[in-house]
Every structure is written in C-alpha cells, then in structure tokens.
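From first to last, the protein sequence lines stand for chains Z and R. Mapping of the first sequence onto the UniProt record's numbering: position 53 corresponds to residue 53, and the numbering continues sequentially without gaps. Mapping of the second sequence onto the UniProt record's numbering: position 26 corresponds to residue 26, and the numbering continues sequentially without gaps.
2 protein chains.
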Amino acid sequence: MDYEDAITALADPTRREIINRLRGGPLPVSAIAADMAVSRPAVSQHLRVLSDAGLLNVTPQGNRRLYFIAPEGVDQLRRYLDTLWDDALGAFERAAREKAKGGSK
Amino acid sequence: MDYEDAITALADPTRREIINRLRGGPLPVSAIAADMAVSRPAVSQHLRVLSDAGLLNVTPQGNRRLYFIAPEGVDQLRRYLDTLWDDALGAFERAAREKAKGGSK
DNA sequence: ACTTACCGTAAGTCATCACTTACGATTCGT
DNA sequence: ACGAATCGTAAGTGATGACTTACGGTAAGT
Numbered sequence: 001m002d003y004e005d006a007i008t009a010l011a012d013p014t015r016r017e018i019i020n021r022l023r024g025g026p027l028p029v030s031a032i033a034a035d036m037a038v039s040r041p042a043v044s045q046h047l048r049v050l051s052d053a054g055l056l057n058v059t060p061q062g063n064r065r066l067y068f069i070a071p072e073g074v075d076q077l078r079r080y081l082d083t084l085w086d087d088a089l090g091a092f093e094r095a096a097r098e099k100a101k102g103g104s105k
Numbered sequence: 001m002d003y004e005d006a007i008t009a010l011a012d013p014t015r016r017e018i019i020n021r022l023r024g025g026p027l028p029v030s031a032i033a034a035d036m037a038v039s040r041p042a043v044s045q046h047l048r049v050l051s052d053a054g055l056l057n058v059t060p061q062g063n064r065r066l067y068f069i070a071p072e073g074v075d076q077l078r079r080y081l082d083t084l085w086d087d088a089l090g091a092f093e094r095a096a097r098e099k100a101k102g103g104s105k
C-alpha cells in the first residue's frame, strides 16, 4: 500500500504547488523554487518527500537535476480512489433502495 | 477548490480507517469507533473533519447519527487526479519524444 | 586552477494537529 | 419520570512536520 505515502505527500499545499509547476514538464530545482513563497532548501525537502512517495522522478542533467511527475505514482492514487468511489456509490444506492422499500421493516 | 480539504482529510491514517469502515454502508459513531485504536471522541473529531471536507454525510437516526461516504466528495478528488494524470502523461510522452529526437540539439 | 552556479543535507525553531479526559445535551428504554 | 446510552464539544498535552539559516559537494564557465 504505497498510495498512502502519495496521499500524505499531496496533503501539503506547497507540495501541490510544486506538482502544479511540473504539469507542463520536467524542471530543475531552481526553476521550481523561483517565485515561490518558501526557500529553495524547503523545496528540495519537499521534492525529497514527493520522490519517496513515488510521485516524482529525477534525472540528473549535468549541473542540475530535472524533476518530473511519475505517472505511475499518480495512477496508484487514482486506482485507490476508484475503488473507494465504487464502494461509496454501491453503498449509497443500496441505502437509497433500503429507504425506498420502507425502512428495515 | 474543495478537493484540497478532501485530500488533507484523507492524509490521516485514522481517517482513512474510518472511511474504510464506511465502505460497506452507513454506520453509527459507536460502531465505527468499536475496536479502533483511538477513543470515541477522537473518532467524532475525525468525522467532523471528514464531513467538513465533503467526504461524509450524516443522517440523524433517533438516538444516533449515521455517517456514510459522500460520493460527490470522492468524485471531486477523482477529477483532480484525472487532470493531474492527463497532464503528467502528456508531459511524460512529450519528454520521451524530445529525448528520442536526439535531445535539444 | 579558481570562481560561480546548482543542489542536497544538518541543526534548530515554531506551529499545527491528533489524542485524552471531562462535561453537557438529546434520545431510548422501563 | 428516571437511569442509561449515544454523541458532540472544551480544554490541555505531546508529537509530527514545515520552515529557515548554514554548510559541503559537484559541475560548469573563464
């Protein structure tokens, strides 16, 4: 169950902002941290967390390190929410049917 | 943007456990808190957070309160992750194509 | 070779939040 | 009507984590 790390990582607003900046494609740390509310080291720490959670990948490019979103990590979370969605909808419809039938007895 | 509250709410393990117990259908607080690691008041507080995030709904049933998963709340999160998935995959494929073409020059 | 740029890590501080115990309110059972 | 059950809230405590400054290490530029 690794989706737990992913959802924990995405809980932080700063990390979501980082993810947002990477939607367009790979970026070096300095580019990500540019015009951001927190310091560059803080961004580095967040990148570490996101990478550990499987949401980001890195590829060293000479002097810098290019970070980019790992599709598989996102997909893990998607699958979790899909099963949750299925169960929730099933339970919802079942409860609605129970109520329509006139309660438990 | 309310999906932010939802993802923040789901970041806590105890709250995910609560959600898990509600997959089968509506349950009163005491039933949710039964055999759980934390106290019943703690569960109540978590239920509050989950409700505020739009992930849970309540329906008073005489003495007790039946909580159940709100499908719309889950769907909000699903949609966010879907757009993220689309962007991530697009950026990934584009980056792969760039690299296949022989780099920038 | 020496300086500059880019980046990760260490140490320390501060705020947030999850939890417990205690209490009050409402509803069911007899 | 009275006691028991169900539940939410208040107050207080402890721990997790996000942030800053300072530092070291590697690659690029001249």
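Ideal placement from N, C-alpha and C gives every residue a C-beta, glycine not left out.
Got a sec: is the Cβ-Cβ distance from R/Arg94 to anything in chain Z below 8 Å?
Locating residue 94 of chain R in the second sequence gives position 94, where the first residue counts as 1. Interface residue, yes.
Of all Cβ atoms in chain R, is any one closer than 8 Å to the Cβ of Z/Gly24?
For the purposes of this step, residue 24 of chain Z is taken as the residue at position 24 of the first sequence. Yes, contact with chain R.
In the DSSP assignment, the alpha helix (DSSP H) including R/Arg23 goes from what residue to what residue?
On the second sequence, residue 23 of chain R is found 23 positions in, with the first residue counted as 1. For R/Arg23, no alpha helix (DSSP H) encloses it, and the DSSP letter there is neither H nor E.
Less than 8 Å between C-beta atoms, sequence neighbours within five positions excluded: which residues of the same chain meet that for Z/Pro28?
Looking up residue 28 of chain Z in the first sequence gives position 28. Excluding sequence positions up to five before and after Z/Pro28, its CB lies within less than 8 Å of the CB of Gln61, Arg64, Arg65, Leu66, Tyr67, all in the same chain and listed in chain order.
By the three-class DSSP mapping on this structure, what secondary structure does Z/Val43 have?
By one-based count along the first sequence, residue 43 of chain Z stands at place 43. Reduced to three states, the DSSP call for Z/Val43 is helix.
I need the boundaries of the beta strand (DSSP E) containing R/Leu56, first residue and last residue.
What you label residue 56 of chain R is simply residue 56 of the second sequence in a count that begins at 1. That run of the beta strand (DSSP E) goes 56–61.
Which residues in chain Z sit within 8 Å of R/Leu77, going by Cβ to Cβ distance?
Within the second sequence, residue 77 of chain R is the residue found at index 77, counting from 1. Leu81, listed in chain order.
Nearest candidate by alpha-carbon position, reference R/Ala95, set Z/Gly25, Z/Ile7, Z/Ala9, Z/Arg15:
Translated into the one-based positions of the second sequence, residue 95 of chain R becomes position 95. The shortest CA-to-CA distance from R/Ala95 to any of Z/Gly25, Z/Ile7, Z/Ala9, Z/Arg15 is the one to Z/Gly25.
Answer yes or no: does any C-beta atom of chain R fall closer than 8 Å to that of Z/Ile69?
Counted from its first residue, the first sequence places residue 69 of chain Z at position 69. Output row for Z/Ile69: interface = yes.
Determine, for Z/Leu84, whether the minimum Cβ-Cβ distance to residues of chain R falls below 8 Å.
Translated into positions along the first sequence, residue 84 of chain Z becomes position 84. Yes - at least one Cβ of chain R is within 8 Å of the one on Z/Leu84.
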